Amino acid sequence: MAREAHLEAAKHHLDAASKHLAAVGKYNEGDVHGAERHSEEAWAASQFADGKSVEAHRQATMVLKMKMI
Numbered sequence: 002m003a004r005e006a007h008l009e010a011a012k013h014h015l016d017a018a019s020k021h022l023a024a025v026g027k028y029n030e031g032d033v034h035g036a037e038r039h040s041e042e043a044w045a046a047s048q049f050a051d052g053k054s055v056e057a058h059r060q061a062t063m064v065l066k067m068k069m070i
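Heads up: the sequence shown begins at 2 in the working numbering, then just goes up one per residue.
Encoded structure:
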């Protein structure tokens, strides 16, 4: 359960990183407006991925607590 949650969080972090790279690519091409749009999408994706990471860590903590009982 916790392992799958960590894998899902990692997938979302990779998606966010891809969007960040797209923003940098647009900026390097001189497309400031495109870079801004991709940057906003990347920020939102990062926030979502962070939430998934928090949930994965919560699940891992619960598993650890259950093993200690």
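For glycine and all other residues, C-beta sits at the position ideal for the given N, C-alpha and C. This one's a predicted model, so the numbers in the text were calculated from it and none came from an experiment.
Can you list, in chain order, the residues of its chain whose CB lies under 6 angstroms from that of residue i, leaving out five sequence neighbours each side?
| i | result |
| --- | --- |
| His-14 | Ala-50 |
| Ala-92 | Given that the chain is displayed from residue 2 to residue 70, the structure contains no residue 92 and the question cannot be resolved. |
| Ala-61 | Ala-3 |
Can you tell me the Cα-Cα spacing of residue i and residue j, whole angstroms?
| i | j | result |
| --- | --- | --- |
| Glu-37 | Gln-48 | 17 angstroms |
| Ala-11 | Gly-52 | 11 angstroms |
| Lys-27 | Met-2 | 38 angstroms |
| Val-64 | Leu-22 | 35 angstroms |
| His-58 | Lys-20 | 24 angstroms |
Could you work out which residue in the options is closest to residue i when comparing CA atoms only?
| i | options | result |
| --- | --- | --- |
| Ala-18 | Gly-31, Glu-42 and Thr-62 | Glu-42 |
| Leu-8 | Asp-32, Glu-30, Lys-20 and Ser-54 | Ser-54 |
Here's the rule: buried if 16 or more other CB atoms are within 10 angstroms of the residue's CB, otherwise exposed. What is residue i?
| i | result |
| --- | --- |
| Lys-68 | exposed |
| Ala-46 | buried |
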